[in-house]
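Shown next, in structure tokens, is the structure this report addresses.
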Amino acid sequence: MRRLALVLALVLALAVAADVLAGGISDETCPNARGENTNTCPPGTVGMPYSIRFVESEGSGCGPGRQTFHLDSGVLPPGLTLAPDGTLSGTSTLAGSFQFYVELREPADDPANCAGKRTQKQFTLKIRRQPRIVATPAVPPRSEVGVPYGITLRARGGSGIFAWALAAGKLPEGLRLRADGSITGTPRVAGTYYVEVKARDTESRSLTWATTLSVAPRLVIRTQRVPGARVGRFYSADLRAVGGVAPRVWRLTHGRLPRGLRLASALGRFTGTPEETGRHLVTVEVSDGLEVEHTKSFRIVVLGARAERGATSRKHERRARTRALAHPNSAS
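At the far end of the sequence shown sits residue 1735, using my numbering, and the numbering has no gaps.
Listed below in structure tokens is the structure:
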């Protein structure tokens, strides 16, 4: 019984020794996490060069440098190839997680315990999407002096925490780039600003986002007064506003317009044919696309139609008197 146990132990030892001498693929390039049945390789990124090299385990006892590596099964990431010397390289074109087996082949003329031996090992390689910066909202919002502003930048892909910095251009006065990639604040000076932001990940890869930010002047009504009107005569008076962002909407907030007149909300225009005389004090408000508002009061004076007819009659009388003096005999 003891002899049988010794024989079995000797056979097992020889088998283990044969496996060691047969060689194997090292875990150095692609480590094996405890409890996993696959070795995980360093991740790659779509569109970026990738290169690692598989090597034989040390202490195998096989002739060094004569082994060849081959894809045994599974699928390599598109764009990568495995060379006979164990180099896996190329530029990947598709993101995803790829599993494959690499086979190590010993040459036929190696020492007796390694000649023609083949060993396989499973590997997993993840290819990440090309890093990019995504802005929310996608199109930088319109801005106006005195109106709070905000846009958020996020890095998709890459690895680790990104560091954000203003790489070129200038932010409007009152805005700043925060550590989380957001641009916030309240602009104080109108103008057009070119902004280039750079994000760098823990692998020192840089991403760039560039745009132009436009800050409109504050919305204000510039019209100081409106002309007078007459009963029965068509009337039109435009109100002028500057600054703000489209669209503008006008409305009457206080007072009453003369009967027959109205305020065109899209144009900012008093229009119509007045039907009553008087002095009418009204307050109008204009608002823009960012809900900024500005109000101003105007006095509309409507004169009567008689005053106009009286003036016309006196003008005709003066013309008739002039003709009579110039041609005293024309009436006879």
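Virtual Cβ for every residue (Gly too), placed ideally from N, Cα, C.
It should be emphasised that the depicted structure is a prediction, and the values quoted were computed from it without experimental measurement.
Residue i versus residue j - alpha carbon distance
i	j	result
Ile1554	Pro1480	36 Å
Thr1441	Ser1429	13 Å
His1473	Arg1557	40 Å
Ala1570	Val1704	59 Å
Val1762	Val1648	No answer is possible for residue 1762: the residues shown for the chain start at 1404 and end at 1735.
Glu1506	Ala1486	12 Å
Ser1668	Pro1630	19 Å
Thr1595	Thr1589	15 Å
Thr1680	Gly1646	35 Å
Val1598	Ala1613	6 Å
Arg1633	Val1695	34 Å
Lys1529	Asp1475	19 Å
Gly1675	Glu1688	19 Å
Arg1672	Glu1547	24 Å
Arg1559	Phe1565	10 Å
Arg1591	Ser1492	52 Å
Leu1670	Leu1622	15 Å
Selection from the options that minimises the alpha carbon distance to residue i
i	options	result
Lys1573	Arg1581, Gly1549 and Val1600	Val1600
Ala1593	Val1629, Gly1631 and Val1550	Val1550
Leu1616	Arg1545, Val1623, Leu1580 and Thr1680	Arg1545
Thr1490	Phe1701, Asp1475 and Arg1456	Arg1456
Lys1524	Arg1581, Glu1459 and Ala1486	Glu1459
Ile1624	Ser1700, Thr1587, Arg1659 and Pro1590	Ser1700
His1697	Thr1686, Leu1706 and Gly1707	Thr1686
Pro1445	Ser1639, Arg1531 and Leu1670	Arg1531
Ala1538	Pro1575, Phe1526 and Ile1586	Ile1586
Phe1637	Pro1661, Phe1565, Gln1533 and Gly1692	Pro1661
Ala1436	Arg1643, Gly1563, Phe1526 and Thr1626	Phe1526
Glu1576	Tyr1552, Arg1603 and Gln1627	Tyr1552
Gly1663	Pro1677, Gly1563 and Pro1650	Pro1677
Leu1693	Arg1508, Arg1603 and Pro1650	Pro1650
Coil, strand or helix - residue i by DSSP
i	result
Ala1708	helix
Ile1703	strand
Lys1573	coil
Pro1452	strand
Gln1470	coil
Ala1632	strand
Ala1667	strand
Ile1586	strand
Gln1523	strand
Gly1493	strand
Ile1564	coil
Gly1675	strand
Gly1447	strand
Ala1619	strand
Leu1693	coil
Buried or exposed (CB count within 10 angstroms, at least 16 for buried), residue i
i	result
His1683	buried
Ser1495	buried
Arg1469	exposed
Thr1448	buried
Ala1568	exposed
Glu1431	exposed
Gly1519	exposed
Pro1540	exposed
Ala1710	At Ala1710 the pLDDT is 49, less than 50, meaning the model places this residue with poor confidence; the figure from the coordinates comes in the next sentence. Flag for Ala1710 reads exposed.
Gln1691	Rather than Gln, the amino acid found at residue 1691 in this sequence is Asp. Looking at its Cβ environment, which holds 16 or more other Cβ atoms inside 10 Å, Asp1691 is buried.
Contact test: residue i Cβ vs the ligand PLP heavy atom, cutoff 7 Å
i	result
Phe1457	Absent from the structure shown: the ligand PLP. Ligands present: none.
Chain D within 8 Å of residue i, Cβ atoms only
i	result
Leu1479	You won't find chain D in this structure, because it holds only one protein chain.
Below 8 Å, can you find three or more Cβ-Cβ pairs linking the segment 1472-1486 to the segment 1495-1504? yes
Check whether the segment 1642-1655 and the segment 1575-1588 are in contact - that is, three or more C-beta pairs closer than 8 Å. no
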